[in-house]
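So for the sequence shown, our numbering puts the first residue at 7; every next one is plus one.
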Amino acid sequence: GLADADVRDVLLELRRVSAALYAAAVRARGAAGLKAGVRVSVDVCLEDNFGSLTDEGVRTLVAGLLAMRDVLQPRILRLHANRIGDDGAESLARLLRASCWPIEELHLSHNRIGERGFRALLDAALAPTHTG
């Protein structure tokens with residue numbers, strides 16, 4: 007399965023692909039594309055990893071996605087069947103609050119999220135601050 011250390015490689019690939027797609031969109035739209043705020047929508051699927059993804063990997067993933075939020079927008083996050091706990095859920099809540107556009111689907115079943123993590127996610131979902 008995918009280990010926490012592999013998340014950095016996933017983010018590098020996302021950055022490379024989103025940069026290429028962003029450049030293509032800007033070429034297609036011209037200068038107006040820059041003014042319109044071109045964003046690349048992605049589905050992130052790190053599911054069924056035999057429990058390999060932990061809170062540390064989620065923190066790395068969230069930090070990377072937030073760093074790219076001006077051009078890359080996660081639409082779906084499939085992170086079920088891993089070892090994500092309350093700390094990872096709180097990181098995901100930070101992503102929900104800070105995303106420019108709403109995340110449409112968040113799959114987290116079969117993880118280790120307790121009440122603290124659930125409350126953080128619920129609070130973030132009920133008080134969105136999307137700027138897009």
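Positions of the beta carbon are idealized from the N, C-alpha and C atoms, including for glycine.
Quick one: residues in its chain with C-beta nearer than 6 angstroms to the C-beta of alanine 95, no 5 flanking neighbours on either side, listed in chain order?
Counted from its first residue, the sequence shown places residue 95 at position 89. The residues are Ile119, Gly123, Ala126 and Leu127.
Note down the Cα distance separating serine 105 from threonine 135, rounded to an integer number of angstroms.
Along the sequence shown, one-based indexing puts residue 105 at 99. Along the sequence shown, one-based indexing puts residue 135 at 129. Roughly 8 angstroms separates the two Cα atoms.
Based on the DSSP output, what are the partners of threonine 60 in its beta bridges?
Along the sequence shown, one-based indexing puts residue 60 at 54. Threonine 60 pairs with Arg89.
Note the first and the last residue of the continuous alpha helix (DSSP H) segment covering leucine 127.
Position 121 of the sequence shown holds residue 127. Where leucine 127 is concerned, the enclosing alpha helix (DSSP H) stretches over 121-132.
I'd like to know whether the C-beta of threonine 66 is nearer than 7 angstroms to at least one C-beta of chain B.
In the structure shown, chain B cannot be found, because there is only a single protein chain.
Following the continuous beta strand (DSSP E) through leucine 52, name the residue where it begins and the one where it ends.
Here residue 52 refers to the residue found at position 46 when the sequence shown is read from its first residue. Where leucine 52 is concerned, there is no enclosing beta strand (DSSP E), given that its DSSP letter is neither H nor E.
Hey, quick one: how far does the beta strand (DSSP E) through histidine 113 stretch, first residue to last?
The residue given as residue 113 occupies position 107 in the sequence shown. Counting along the chain, the beta strand (DSSP E) containing histidine 113 begins and ends at 111-113.
Give the straight-line distance between the Cα atoms of alanine 69 and leucine 98, rounded to the nearest whole angstrom.
Position 63 of the sequence shown holds residue 69. Position 92 of the sequence shown holds residue 98. Those two C-alpha atoms are separated by around 10 angstroms.
Determine the extent of the beta strand (DSSP E) in which arginine 118 is found, giving its start and end residues.
The sequence position of residue 118 within the sequence shown is 112, counting from 1. No beta strand (DSSP E) holds arginine 118; DSSP gives it neither H nor E.
Applying the criterion that 16 or more other CB atoms from any shown protein chain within 10 Å of the CB defines a buried residue, is leucine 132 buried or exposed?
Here residue 132 refers to the residue found at position 126 of the sequence shown. So leucine 132 ends up on the exposed side.
Identify whether arginine 84 lies in helix, strand or coil by the three-state DSSP scheme.
Within the sequence shown, residue 84 is the residue found at index 78, counting from 1. Three-state result, arginine 84: strand.
Identify which residue in Val48, Val77 and Arg100 has its Cα closest to the Cα of arginine 84.
Taking the first residue of the sequence shown as 1, we reach residue 84 at position 78. That would be Val48, whose Cα lies nearest to the Cα of arginine 84.
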